[in-house]
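To convert, take the position in the sequence shown, counting from 1, and add 5; that gives the numbering used here. Note that beta-carbon positions come from the ideal geometry of N, C-alpha and C, so glycine has one too. All figures in this text were calculated on a predicted structure; none of them were measured in a lab. Step one of this worksheet: look at the structure below.
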Amino acid sequence: MSNPRVTGAIRYAQDVEFEGMLHASILRSPYPHARILRVDSSAVPDSVVVLTPDDIRDFSSYGCQIQDQTVLPRD
Numbered sequence: 006m007s008n009p010r011v012t013g014a015i016r017y018a019q020d021v022e023f024e025g026m027l028h029a030s031i032l033r034s035p036y037p038h039a040r041i042l043r044v045d046s047s048a049v050p051d052s053v054v055v056l057t058p059d060d061i062r063d064f065s066s067y068g069c070q071i072q073d074q075t076v077l078p079r080d
């Protein structure tokens, strides 16, 4: 019997899809060290969530030994 990992028959987490499932996307600025003045999410449907730094205050930074890497930019 062939190994399902070799034949492509095994299902991985990225293969799972649900009806109405959304995917996350990160939009990066083309300008290094630019200031983000505002994010206009008015055209986003109500079923979609736009995360801002205020939404993740308890998880605003990360790092292996020193949590000094910001998740989302903040002035």
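- Ranking V21, S46, P58 and G13 by CA distance to the CA of R79 puts P58 first.
- Secondary structure note for R79: it is in no alpha helix (DSSP H), with a DSSP letter that is neither H nor E.
- Under DSSP, S66 forms a beta bridge with T75.
- Sorting V21, G25, V76 and Y17 by C-alpha distance to the C-alpha of L56 places V76 at the top.
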